[in-house]
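Participant:
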Amino acid sequence: MKQQYFIHSFAVFSMLASLTACAAEVKTTLSFSADYKIAVSQSFLAEATVFATDELAVKSASGQMFAGKVLSADSEQLPADFDFTLYPDYLLKLKPVAGLNSELSTIFENSAAEIEYSYGLANIKVEQQQGWTLYSLCKDLRCLAFVVKDHNAEYILSVHAQGMSRADFTGLIKGGLYVEN
Amino acid sequence: MLKTNEKARLYELITAMIGEDASIKAYKSGFNQSTVIVVEEMIDASLTCNANMKKLISDLLGVSGTLARGWLSKALATANRNVSITELKGYGCLVSVKSRWKTAIINSTI
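Residue numbers (my numbering), protein chains in the order written: chain A, 764 to 944; chain B, 8 to 117.
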């Protein structure tokens, strides 16, 4: 009888534990494009505010902001023949802009100066993931990242955050990015 | 708490810097001190994006050289009314730079 009670209790406990685990896994998807989607946990989205801007933007109840949009040569008003896979390299000064024409090199240099001021170019991290690359940089709880999927030369996901540590920011991307499509 | 004319002046400055934007305009009534701080940061960060920005600021304030933190708050209250800040043209940075600042500006009102 005692043993039966233990087994029953154990079964109920296991079910509750798995339900709790399931509840902890509930996520909401932020869709930036057909190829770039990030699933975000309810803990970030509970009582958050989603607001309209050029980007898809969310402000959490605790004041953290996470926003992004998909970039292309077209959206960045770059020439159609520009190799967009090199965009993060030029912008983050990982590759010299010397090979670009003067107008383009000026735009990238100016934009890099803005990024240096806001996010700091000294702490760039480039991480090769399974099928995609993450470029990230953070300064004073302000972070910027570019997600580049392999075999997708046309589009890059740009995301940025305020009030978030680097670990939380990159964790949100790595833990939520839809890798498949 | 910003006065209505300070909000208008702030929006004018934003427009001069990154162009007319309907989504920011829709949040103009919600501009506050946090918005002033964000716009000041945007201007400081984007000086290289707009060659005329330094001149505009010195014309507005009647001073030149390094600007101390909080300069925009003072400028909104005492700005030289004869200076048109709509004349600033040309933005020499990528479109996405503007987008990030637009989001930061609206975020400051929420």
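Glycine included, each C-beta is placed from N, C-alpha and C at the ideal position.
Given the structure is predicted, the values throughout are model-derived calculations rather than measurements.
1) Looking only at C-alpha atoms, which of LEU83/B, CYS100/B and LYS105/B sits nearest to ARG16/B?
2) Tell me whether ALA815/A sits in a helix, a strand or coil according to DSSP, three-state version.
3) Ordered along the chain, which non-local residues of its own chain (more than five positions away) have a Cβ less than 8 Å from that of THR55/B?
4) Mind pulling the chain A residues with CB within less than 9 Å of LYS109/B?
5) I need the DSSP call for CYS100/B, collapsed to helix, strand or coil.
6) Which of the three DSSP states, helix, strand or coil, is assigned to LYS109/B?
7) Taking C-beta pairs closer than 8 Å, name the residues in chain B that THR869/A reaches, listed in chain order.
8) Going by other Cβ atoms of all chains shown within 10 Å of its Cβ, with 16 needed for buried, is GLY894/A buried or exposed?
9) Below 7 Å on C-beta distance, what does SER921/A contact in chain B?
10) Can you grab the Cα-Cα spacing for the pair SER950/A / ILE887/A, in whole Å?
11) Count the other C-beta atoms from every protein chain shown that fall within 10 angstroms of the C-beta of ARG905/A, then say buried if there are 16 or more, exposed otherwise.
12) Which runs of the alpha helix (DSSP H), 4 residues or longer, sit entirely within the segment 851 to 886 of chain A?
13) Around the Cβ of MET8/B, are there at least 16 other Cβ atoms within 10 angstroms (buried) or fewer (exposed)?
14) Name the DSSP beta bridge partners of ILE801/A, please?
15) Could you tell me which chain B residues have their CB closer than 9 Å to the CB of HIS839/A, listed as they occur along the chain?
16) Going by other Cβ atoms of all chains shown within 10 Å of its Cβ, with 16 needed for buried, is TYR850/A buried or exposed?
17) If you reduce the DSSP assignment to three classes, tell me which class GLU13/B lands in.
18) Between LYS801/A and GLY939/A, is the Cβ-Cβ spacing less than 7 Å?
19) Please say whether TYR882/A and PHE871/A have beta carbons closer to each other than 7 Å?
20) Between ASP931/A and GLY77/B, what straight-line distance do the alpha-carbon atoms span, to the nearest angstrom?
21) Listing by chain order, which chain B residues have their CB less than 9 Å from the CB of ALA876/A?
Facilitator: Reading it off the structure:
1) LEU83/B
2) strand
3) GLY99 and CYS100
4) THR816, ASP817 and GLU818
5) coil
6) helix
7) GLY99
8) exposed
9) SER103
10) Given a span of 764 to 944 for chain A in the structure shown, any question on residue 950/A remains unanswerable.
11) buried
12) 865 to 882
13) exposed
14) LEU793/A and LEU940/A
15) According to the sequence provided, residue 839/A is Glu. The question's His does not apply to it. Correct list: LEU101, VAL102 and SER103.
16) buried
17) helix
18) Contrary to the premise, residue 801/A reads as Ile rather than Lys in this sequence. Yes, the Cβ-Cβ distance between ILE801/A and GLY939/A is below 7 Å.
19) no
20) 30 Å
21) ALA52, SER53, LEU54, THR55, CYS56 and CYS100
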